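A.B. asks:
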Amino acid sequence: MFALKITYKGKDTVVGGRDGLLTVWVHDESDRCIVYADSVETKSKERNVWFNAEEMDGEIEVEVVESVHLSNPLKTEQGVSIRKAPSKQERYRMLEETLKEKGLI
15 MFALKITYKG
25 KDTVVGGRDG
35 LLTVWVHDES
45 DRCIVYADSV
55 ETKSKERNVW
65 FNAEEMDGEI
75 EVEVVESVHL
85 SNPLKTEQGV
95 SIRKAPSKQE
105 RYRMLEETLK
115 EKGLI
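In the working numbering, the protein residues as written are 15 to 119.
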C-alpha cells in the first residue's frame with residue numbers, strides 16, 4: 015500500500031488509506047503553516063485523523079512510501095461513508111435494468 019510519510023521535528027507519521035480516500039491539506043501563509051491529514055475507509059466506514067488542522071512552525075517533509083503499517087491516528091470516527099460515483103460498467107448495468115423495466119429491450 016502506498017502512503018505518505020510526513021516528517022515534522024524529527025517525528026515520522028505515516029498516513030494512508032487502505033480502501034478509501036486520503037486527504038492531506040497543507041496551507042502555507044507568510045507567517046504560519048497549517049496541516050490536516052485524514053482518511054475515510056470505504057469498508058469499515060471510519061475516518062482516521064492524523065493531523066487536525068494543526069499550526070506548525072519549522073520544516074515539514076512529505077514523502078510517498080510503500081508501507082504496511084500506518085501510524086496511530088489522533089482520533090477515529092465510526093459511521094462515515096463515501097459516496098462513490100458509479101463506474102462505467104455499473105452505469106451500463108443500471109441503464110440496462112431501466113430499459114428492461116420499461117420493456118424497451
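All residues carry an ideal CB built from backbone N, CA and C; glycine is no exception. Please read all numbers here as calculations on a predicted model, not as lab measurements.
#1: In the DSSP assignment, find the unbroken alpha helix (DSSP H) run with L109 in it and report its ends.
#2: Return the bridge partner residues of V94 from the DSSP annotation.
#3: Under DSSP, the beta strand (DSSP E) around T21 begins and ends at which residues?
#4: Quick one: using the 10 Å Cβ neighbour count with 16 as the cut-off for buried, is S95 buried or exposed?
#5: Could you check if F16 is buried or exposed, using at least 16 other CB atoms within 10 Å of its CB as the buried criterion?
#6: Quick one: residues in its chain with C-beta nearer than 6 Å to the C-beta of V54, no 5 flanking neighbours on either side, listed in chain order?
#7: How about the region 74 to 89 and the region 107 to 118: do they share at least three Cβ pairs that are nearer than 8 Å?
#8: Alpha carbon to alpha carbon, how far is T112 from T21? Give it in angstroms, no decimals.
#9: From the DSSP output, read off the bridge partner residues of N62.
#10: Have a look at A99, V40, V28 and flag the residue whose alpha-carbon is nearest the alpha-carbon of E69.
C.D. replies: For this structure:
#1: Mapped onto the sequence shown, residue 109 falls at position 95. Its alpha helix (DSSP H) spans residues 102 to 115.
#2: Locating residue 94 in the sequence shown gives position 80, counting from the first residue. BP columns for V94 are empty, so no partner.
#3: Position 7 of the sequence shown, counting from 1, holds the residue named residue 21. 16 to 22 is the span of the beta strand (DSSP E), which, as asked, contains T21.
#4: Reading the sequence shown from its first residue, position 81 is the one you call residue 95. So S95 ends up on the exposed side.
#5: Within the sequence shown, residue 16 is the residue found at index 2, counting from 1. It is exposed - the Cβ of F16 has fewer than 16 other Cβ atoms within 10 Å.
#6: In the sequence shown, the residue the question calls residue 54 occupies position 40. Within the same chain, V54 has close Cβ partners G34, L35, R61, V94, I96.
#7: no
#8: Your numbering for residue 21 matches position 7 in the sequence shown. Your numbering for residue 112 matches position 98 in the sequence shown. Their backbone Cα atoms lie some 51 Å apart in a straight line.
#9: Mapped onto the sequence shown, residue 62 falls at position 48. Note: N62 sits in a beta bridge opposite S53, T90.
#10: Start at 1 with the first residue of the sequence shown, and residue 69 comes out as number 55. Looking at the Cα atoms, V40 is the closest of the given residues.
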